[in-house]
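Take a look at the structure set out below.
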Amino acid sequence: MSLDTLDYKILSHLMQQARMTWADLAAHLGLSAPAAADRVRKLEEQGVIQDYVTQVDAHSLGYDLAAFISVTLEHPRDREVFLAQVHAMPEIQECHHVTGDDDYLLKVRCQGTQGLEHLITDGLKQVPGVLKTRTTIVLSTVKETIALPLP
381 MSLDTLDYKI LSHLMQQARM TWADLAAHLG LSAPAAADRV RKLEEQGVIQ DYVTQVDAHS
441 LGYDLAAFIS VTLEHPRDRE VFLAQVHAMP EIQECHHVTG DDDYLLKVRC QGTQGLEHLI
501 TDGLKQVPGV LKTRTTIVLS TVKETIALPL P
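In my numbering, the protein residues as written are 381 to 531.
Below you can see the structure in the form of structure tokens.
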């Protein structure tokens with residue numbers, strides 16, 4: 381699938397403000413509102429636009445601790461069980477299969493150190509096949525975005 385300049389402009393505007401009205405988007409693009417809506421629907425149907433989400437301030441909900449947890453599995457056959465458990469743990473925001481000394485890198489949000497301890501001790505370390513974990517606590521966040529660079 382190839383995207384044209386107009387598609388990139390649409391994506392740029394929607395990544396900044398996903399709640400933009402068709403009329404506002406159309407005004408930025410020099411199109412009619414129905415034409416802008418059709419272009420967005422096409423991007424949705426192609427899977428380029430996957431979802432519209434609300435970004436919530438984690439601190440306002442009590443999730444004041446962010447951390448990255450590296451996980452090493454005993455054996456590749458433990459992968460399915462581990463991944464199923466990851467999906468069941470809402471504190472895990474991201475899970476990446478990585479190269480290097482560890483198998484997975486998790487980004488987590490917890491309600492303080494007790495929440496993190498509970499996630500590691502009563503959650504991750506109880507999953508069959510988890511050999512070891514290594515945790516890095518975030519002191520402050522310099523940049524966090526879901527926007528992608530566009531050509």
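C-beta: ideal position from N, C-alpha, C; glycine also.
| Query | Result |
| --- | --- |
| Can you tell me where the alpha helix (DSSP H) holding Gln465 begins and where it ends? | Arg459 to Ala468 |
| With a 10 Å radius around its C-beta and 16 neighbouring C-beta atoms as the bar for buried, classify Val522 as buried or exposed. | exposed |
| On the criterion of 16 or more Cβ atoms from any shown chain inside 10 Å, does Tyr484 qualify as buried, or is it exposed? | buried |
| Report all residues from its chain with a CB closer than 6 Å to the CB of Gln465; omit the five preceding and five following residues, and keep chain order. | Val507 |
| Quick one: grab the DSSP three-state call for Ser415. | The residue asked about is misnamed: residue 415 is Ala in this sequence, not Ser. The answer is helix: DSSP assigns Ala415 an H, G or I state. |
| Which of helix, strand or coil does DSSP assign to Thr452? | strand |
| Can you list the alpha helix (DSSP H) stretches of 4 or more residues lying completely in the segment 386 to 437, in chain order? | 402 to 409 and 413 to 425 |
| Could you please give the first and the last residue of the uninterrupted alpha helix (DSSP H) stretch that includes His476? | Segment Ile472 to His477 is the beta strand (DSSP E) holding His476; no alpha helix (DSSP H) there. |
| So if DSSP puts Lys523 in a beta bridge, which residue, or which two residues, is it bridged to? | BP columns for Lys523 are empty, so no partner. |
| Would a C-beta distance cut-off of 7 Å place Leu504 and Thr515 closer than the cut-off? | no |
| Helix, strand or coil, according to DSSP, for Leu499 in the structure here? | helix |
| In angstroms, rounded to a whole number, what distance separates the CA positions of His498 and Gly492? | 10 Å |
| Under the DSSP definition of a beta bridge, which residues are partnered with Tyr443? | Per DSSP, none; premise fails for Tyr443. |
| Assuming Leu386 and Arg419 are in contact, meaning their beta carbons sit under 8 Å apart, how far apart are those beta carbons, in whole angstroms? | 7 Å |
| Out of Leu394, Leu496, Leu486 and Val488, point me to the one whose CA is closest to Ala417's CA. | Leu394 |
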